[in-house]
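Each residue of the sequence shown is one higher than the one before, counting from 169 in the numbering used here. Cβ coordinates follow ideal geometry from the N, Cα and C atoms, glycine included. Please read these numbers as outputs of a predicted model, since none were measured by experiment. These notes are about the structure you will find just below.
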Amino acid sequence: MVQQDFIHKDLTEKIIAAAIEVHNTLHNGFLESVYEEAMAIELNLRKIPFEKQKPVDVFYKGRVAKQFFCDFVVEGKVLVELKAIKRLSEIENAQVLNYLKATSLPLALLINFGAPSLEFKRIINTC
């Protein structure tokens, strides 16, 4: 039986490797939008299918309360949210967990390019 912590392990390793390449090339200090474009280029170079700025509806009592756009959905399996901040906090964690709930995807990667070393976190949808 596959442990929940290792859902899509091979795919997440490929995504993280792409993010490491982007961070090693650009380093920290750019706006999030720069890393998003670079990440799209790197995923394309690695032939990893993705949707960028994928619209997701948030429902409240059967009605769309708001539509948001997640940075990437990779292979229709893993939500990827990028940040370019000093340090990840519980706020970003909660945001990504809510994105997972809205999409019903099982797994997200929260990736931060803003720190001197790349930060990433696997977040599991437990709902």
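- In terms of Cα proximity to V241, the closest of R231, K234, I216, H195 is I216.
- For the pair T180 and V264, the CB atoms are not nearer than the 8 Å cut-off.
- Setting aside the 5 residues that flank it on each side, V232 is surrounded in the same chain by D225, V226, each with a C-beta closer than 8 Å to its C-beta; the list follows chain order.
- Annotation for F288: I184, A187, L277, L278, I279, N280 place their beta carbon closer than 8 Å to its own, counting only its chain and skipping 5 residues before and after.
- Taking 8 Å as the cut-off, the Cβ atoms of I175 and L275 count as close.
- A distance below 7 Å between beta-carbons, with the five flanking residues on each side excluded, links R290 to the following residues of its chain, in chain order: T180, L275, L277.
- Here K254 is not near E260, since their CB atoms are 8 Å or more apart.
- Approximately 13 Å separates the beta-carbon atoms of L194 and A208; this is outside 8 Å, ruling out the contact.
- In the three-state reduction of the DSSP assignment, I292 falls in the strand class.
- For E243, the three-state secondary structure derived from DSSP is coil.
- For A276, the enclosing beta strand (DSSP E) covers residues 275-280.
- Runs of beta strand (DSSP E) with 3 or more residues, each lying fully within the segment 200-264, are found at 218-228, 231-242, 246-251, listed in chain order.
- Exposure of Y228 is indicated by the presence of fewer than 16 other C-beta atoms within 10 angstroms of its C-beta.
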